[in-house]
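A.B. asks:
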């Protein structure tokens, strides 16, 4: 069966079933081509985040899953989480509180980039989100919108091959939400990344523009 | 070393010495110990033991101290929490609880002795105006025959421990909701607490209560300072036999240690009955439906007793410090006539030596315990499995088995192997007691790190080792150093293991202070007891200062 799938780019969610305590939470079979967004909608507690946990490699032991997930033709599920090159954006920015803003960004840059180029790359990333000069700042002093932007910049600096969005806009206030959505989806399509968005907000699904799956 | 080895190695280092020590206590108790000429099993050591004068009085005192001090400490804990939780008075007392816990038992005991003795500080405050005494009265304290001074000393040290364990369990109980419901049904504060929160809370701290009971029933250092001498409690007499130059007394001591183990088991059995009785009383009270809204007297009583016990340790430490710098100090005077550093300068070289030993032993034990604990917790995190209730029980084993029953065996063990008492042996025995406290302090902060941080790290392509060193350990630096400080204070307080395994060649501030107890030179005792108080503080100061400096520009890293 590999010869049928290994030419596929993007995410291939192949006949995935996620089960908790004998109860099936999810059954999905779909393909997410590069640059497109696949939205999973459902109320909280419906288990929609378990799909992201499965793909990211953090499905709690109480859950069990069957099927396979392929990224650019290669199966992800047998790889350890840090080899999957899948980046997740959460509803909290989750900037590491013991590092500076710049420290967070440099930490994400692949080790192939060496020496002074690392800092330069982080400074460029800050400039691209209108936060030039924030390198040495304490993340705790940023506004909610600034944190969300730094989290996105950090995610992209790690050069992921797919994005997982776990209700990333739900804690932002209405004014910020629109601009953040635009920033995230534009970044994903520019980089031709397949995206899975989990949300309970219909406006998110509409902005994403791709197919919607209801749990 | 592969991570999977950490739990195995930890258990081996934790339980190995206990099992080996118990075995080496039991064999000579039944006459078998070839190194001392005991070639075959017999009951001679026990018949020697039964013939010791006052043996049953000593045994009874040990059980009495264990049960009475535990009941007192637990009752005060329950009533104080019931009457005062989430009030201003409670928070005021709470501020004293953690520092109090780091005061070594022996130092607290000296403080109480210096405070309540006939020529103690309280008597000096009251004399001669209130009492009419111009020379010290002659009541026997410490050292009263009924061991009440000892019971007081143990209660004072157990109370902060039980309060702290209760506070740690509190958040899981959703107590505030339950108390609201009980108040809504018209129950008074204390009754509402006893019916709705206490049964579950007790379930959470039950192991700690048993640890307290076992410790109090077999304590040596506090008993040497506050306990009776005619006869002494059994553990004190055991120590005498163990240190007797006549090596054949070791058989007697082994039999006594087996008896001590039996006494602790009996006390635990009696405690099960106490639990039943307490449960019955609570449930019949609940069934009666009495609201007990007029509980002001109980509440105020609990506050007064708690504050008095806390104040006793605080005043005790002050009077210890005073004695260490006292010149001539006549009886009814509240303060010495002159202050001098003579006691300090006279002891300076010896004091530096024992401080050096104290920090060396404690530092090594804490370092090993911290590495093992972190290895176990990281293994748990990566495998997604914690040891559950069984692992928790194993951690408590060193706190439940009476020290004297296996530490003495360990001494015999090393004797038979011909190992000279060395620093490594002392550190390994300290580790047995340091590790559980360090583990219990660090486990919750470790498990409470937001698991999504690990997902963020993996999304960046960082493997678990990079995540451990660059994220988890820095995030937990404060918690790790605090747990290390707790472990360090546990090491400093060790008397029996240091004395028996170190063979007197590695004196620490605690063994030195307790050794001075019988001499009664208050100025020199003041010096060493004060050092006992200060040494653990060093650990807590480091735990506060280092993260505060490293993360001075990181607001979310503040406590």
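Residue numbers (this note's numbering), protein chains in the order written: chain A, 1 to 215; chain B, 1 to 559. All C-beta atoms, glycine included, are put in the ideal place defined by N, C-alpha and C. All values derive from a computational prediction rather than experimental measurement.
For the beta strand (DSSP E) containing residue 68/A, name the first residue and the last one.
C.D. replies: Segment 63-71, the beta strand (DSSP E) holding residue 68/A.
A.B. asks: Mind pulling the chain B residues with CB within less than 8 Å of residue 141/A?
C.D. replies: Within chain B, the residues near residue 141/A are 555.
A.B. asks: Return the Cβ separation of residue 159/B and residue 309/B in integer angstroms, given the expectation that the two are a contact with Cβ distance under 8 Å.
C.D. replies: Correct: roughly 6 Å between the Cβ atoms.
A.B. asks: Whole angstroms is fine: what's the gap from residue 206/A's alpha carbon to residue 459/B's?
C.D. replies: Taking the straight line from one Cα to the other gives about 26 Å.
A.B. asks: So residue 47/A is in the beta strand (DSSP E); what residue range does that whole segment cover?
C.D. replies: Careful: residue 47/A lies outside any beta strand (DSSP E) and carries neither H nor E.
A.B. asks: Using a beta-carbon distance cut-off of less than 9 Å, what residues from the segment 153-179 of chain A approach chain B?
C.D. replies: Flagged, chain order: 154, 155, 157, 158, 159, 160, 164 and 166.
A.B. asks: Return the bridge partner residues of residue 214/A from the DSSP annotation.
C.D. replies: Note: residue 214/A sits in a beta bridge opposite 41/A.
A.B. asks: By how many angstroms is the C-alpha of residue 411/B removed from the C-alpha of residue 494/B?
C.D. replies: Residue 494/B and residue 411/B: Cα-Cα distance of roughly 15 Å.
A.B. asks: In three-state DSSP terms, what is residue 12/A?
C.D. replies: Residue state, collapsed to three classes: strand.
A.B. asks: What does the alpha-carbon distance come out to for the pair residue 87/A and residue 296/B?
C.D. replies: Spanning the two alpha carbons is a distance of roughly 59 Å.
A.B. asks: Please determine if the segment 477-495 of chain B and the segment 170-185 of chain A are in contact, where contact requires at least 3 C-beta pairs separated by less than 8 Å.
C.D. replies: No: fewer than three Cβ pairs fall under 8 Å.
A.B. asks: Contact criterion: CB-CB distance below 8 Å. Does residue 142/B meet it with respect to chain A?
C.D. replies: For residue 142/B, the answer is no, since every Cβ of chain A falls outside 8 Å of its Cβ.
A.B. asks: Which full runs of the alpha helix (DSSP H) of 4+ residues lie inside the segment 468-540 of chain B, going along the chain?
C.D. replies: If we require 4 residues or more, the alpha helix (DSSP H) runs fully inside the segment 468-540 of chain B come out as 477-493, 496-502 and 509-515.
A.B. asks: Below 8 Å on C-beta distance, what does residue 386/B contact in chain A?
C.D. replies: The premise fails here: residue 386/B is roughly 11 Å from chain A at the closest Cβ pair, so nothing lies under 8 Å.
A.B. asks: For residue 455/B, count the other beta carbons within 10 Å of its own beta carbon; 16 or more makes it buried, fewer makes it exposed. Which is it?
C.D. replies: Residue 455/B comes out buried.
A.B. asks: Taking only the alpha-carbon atoms, compute the straight-line gap between residue 201/B and residue 174/B and give it to the nearest angstrom.
C.D. replies: In a straight line, the C-alpha of residue 201/B is about 10 Å away from that of residue 174/B.
A.B. asks: Are the segment 428-442 of chain B and the segment 276-296 of chain B in contact at 8 Å, needing three or more beta carbon pairs?
C.D. replies: No, the segment 428-442 of chain B does not touch the segment 276-296 of chain B.
A.B. asks: How is residue 74/A classed by DSSP in three states: helix, strand or coil?
C.D. replies: Strand.
A.B. asks: Relative to the C-alpha of residue 526/B, which candidate in 63/B, 114/B and 43/B has its C-alpha closest?
C.D. replies: With distances taken between Cα atoms, residue 526/B lies closest to 114/B.
A.B. asks: Less than 8 Å between the C-beta atoms of residue 343/B and residue 523/B, yes or no?
C.D. replies: Yes, these two residues count as a Cβ contact at 8 Å.
A.B. asks: If contacts are defined as beta-carbon pairs under 8 Å, then residue 235/B and residue 218/B qualify, I think. What distance do you get, rounded to the angstrom?
C.D. replies: The pair is a contact, with the Cβ atoms about 5 Å apart (cut-off 8 Å).
A.B. asks: Look at the Cβ atom of residue 504/B, then the Cβ atom of residue 369/B, and state whether they are nearer than 8 Å.
C.D. replies: In this structure, residue 369/B does not lie closer than 8 Å to residue 504/B by Cβ.
A.B. asks: At the level of alpha carbons, what is the spacing between residue 110/A and residue 10/B?
C.D. replies: Going from the Cα of residue 110/A to the Cα of residue 10/B covers about 36 Å.
A.B. asks: Report yes or no: do the segment 209-216 of chain B and the segment 61-79 of chain B share at least 3 C-beta pairs separated by less than 8 Å?
C.D. replies: Counting Cβ pairs under 8 Å, three or more are found: they touch.
A.B. asks: Counting only the same chain and skipping the five closest in sequence on each side, list residues whose C-beta sits under 8 Å from that of residue 26/B.
C.D. replies: Counting only Cβ-Cβ distances below 8 Å, and skipping sequence neighbours, we find 254, 258 and 409.
A.B. asks: Give the range of the alpha helix (DSSP H) segment to which residue 200/B is assigned.
C.D. replies: 198-217 is the extent of the alpha helix (DSSP H) around residue 200/B.
A.B. asks: In the DSSP assignment, find the beta strand (DSSP E) that holds residue 25/A and state where it starts and stops.
C.D. replies: 23-32 is the extent of the beta strand (DSSP E) around residue 25/A.
A.B. asks: Using 8 Å as the threshold, is the segment 84-101 of chain A in touch with the segment 132-146 of chain A, meaning 3 or more CB pairs across them?
C.D. replies: Yes, the segment 84-101 of chain A touches the segment 132-146 of chain A.
A.B. asks: Using alpha carbons as the reference points, say which of 192/A, 117/A and 94/A lies closest to residue 152/A.
C.D. replies: The residue with the shortest Cα to Cα distance from residue 152/A is 94/A.
A.B. asks: With H, G and I counted as helix, E and B as strand and the rest as coil, what does DSSP make of residue 386/B?
C.D. replies: In the structure shown, residue 386/B sits in coil (DSSP, three-state: anything other than H, G, I, E or B).
A.B. asks: Give the interface partners of residue 551/B over in chain A, defined as CB-CB distance under 7 Å, in chain order.
C.D. replies: Near residue 551/B (Cβ distances below 7 Å), the residues of chain A are 98.
A.B. asks: For a minimum of 4 consecutive residues, which ranges assigned as the alpha helix (DSSP H) are wholly contained in the segment 296-326 of chain B?
C.D. replies: Counting whole runs of 4 or more residues, the segment 296-326 of chain B contains the alpha helix (DSSP H) stretches 296-324.
A.B. asks: Do the segment 508-515 of chain B and the segment 346-366 of chain B touch if we need at least three Cβ pairs shorter than 8 Å?
C.D. replies: Taking 8 Å as the limit for Cβ pairs, the verdict is that the segment 346-366 of chain B does touch the segment 508-515 of chain B.
A.B. asks: Is it buried or exposed for residue 12/B, if we count other Cβ within 10 angstroms and need 16 for buried?
C.D. replies: Under this definition residue 12/B is an exposed residue.
A.B. asks: Does the segment 31-50 of chain B come close enough to the segment 145-159 of chain B that 3 or more CB-CB pairs lie under 8 Å?
C.D. replies: No, they do not touch.
A.B. asks: For residue 210/B, tell me which candidate among 532/B, 401/B and 497/B has the shortest Cα-Cα distance.
C.D. replies: Nearest C-alpha to residue 210/B: 401/B.
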